[in-house]
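Peer 1:
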Amino acid sequence: MKILIVSAACIFIAMNAAYMGVVSAAGGSPAPPTPADLRAQATSHLKFLYGMYFAIRGCTEAFQEQSEPGFKPTVSLSEAQQVLRAADASARSVGVDVDQAWLEMSSIGQAAGEALKQKTPDNFRKCQQSGMFFRTTTSRLQMAIAQLQGKIPLIQKDF
-5 MKILIVSAAC IFIAMNAAYM GVVSAAGGSP APPTPADLRA QATSHLKFLY
45 GMYFAIRGCT EAFQEQSEPG FKPTVSLSEA QQVLRAADAS ARSVGVDVDQ
95 AWLEMSSIGQ AAGEALKQKT PDNFRKCQQS GMFFRTTTSR LQMAIAQLQG
145 KIPLIQKDF
């Protein structure tokens, strides 16, 4: 069980480090980003969004199975699925290889989601933060897609 928890922590650290590396590298360039740069940013955001989806799914399942409020994420699983459907369509419309991004992230995300089901204070914190990361990444993905002239919104108007 300790190996599973350590593995989950390592997976999340690696996902976050890889993601933040792309985000910070993109922000440090004084020249305007090329379409290839923007597509790479969008791909990175999409991959991280997939990872956060699996975290939300694992936390939601743990909340339902164990009736432990600490597992409840701030984004519902149905909301995450709805956003991912729009993200897939929008990213695909600007040339992001959505299928490859899914292939690269699905096994890592599934492992992380399963590891989050262990009842620990650290996992409670990660579950509660998953919604914030999901929403922030959704915003960043939408900005990258908008810069690529994408027309399919990820964040729907609710007014």
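Heads up, the sequence shown is in the working numbering, so the first residue is -5 and it goes up one at a time.
Positions of the beta carbon are idealized from the N, C-alpha and C atoms, including for glycine.
Just to confirm, are MET46 and PHE128 a CB contact at a threshold of 8 Å?
Peer 2: Yes, the Cβ-Cβ distance between MET46 and PHE128 is below 8 Å.
Peer 1: Could you compute how far the alpha carbon of PRO147 sits from the alpha carbon of PRO27?
Peer 2: Answer to the nearest angstrom: the Cα atoms are 21 Å apart.
Peer 1: DSSP three-state label for VAL90, please.
Peer 2: Correct three-state label for VAL90: coil.
Peer 1: Examine chain B for any beta-carbon lying closer than 8 Å to the beta-carbon of PHE57, and answer yes or no.
Peer 2: Any reference to chain B falls outside this structure, which holds one protein chain only.
Peer 1: State the Cα-Cα distance for the pair VAL69 and ALA25, rounded to the nearest angstrom.
Peer 2: So the two alpha carbons sit approximately 36 Å from each other.
Peer 1: Could you tell me whether the region 29 to 40 touches the region 130 to 139, where touching means 3 or more Cβ pairs closer than 8 Å?
Peer 2: With the cut-off at 8 Å, the region 29 to 40 and the region 130 to 139 touch.
Peer 1: Report the residue ranges of all alpha helix (DSSP H) runs contained in full by the region 69 to 141; include only those spanning at least 4 residues, in chain order.
Peer 2: For the region 69 to 141, whole alpha helix (DSSP H) runs of length 4 or above, ordered along the chain, are 71 to 87, 92 to 109, 115 to 141.
Peer 1: By Cβ distance, which residues of its chain are closer than 7 Å to ALA83, with the 5 residues on each side in sequence left out?
Peer 2: Taken in chain order, the residues that qualify are ILE146.
Peer 1: So, using beta-carbon positions, are GLY52 and GLY107 closer together than 8 Å?
Peer 2: Yes; because the gap between Cβ atoms is below 8 Å, this pair is in contact.
Peer 1: Got a sec? Which residues, its chain only, sit under 7 Å from MET(-5) by beta carbon, not counting five neighbours each side?
Peer 2: In this prediction, MET(-5) has a pLDDT of 49, which is less than 50 and means its spatial position is unreliable; what the coordinates show is noted afterwards. Cβ within range, chain order: GLN112.
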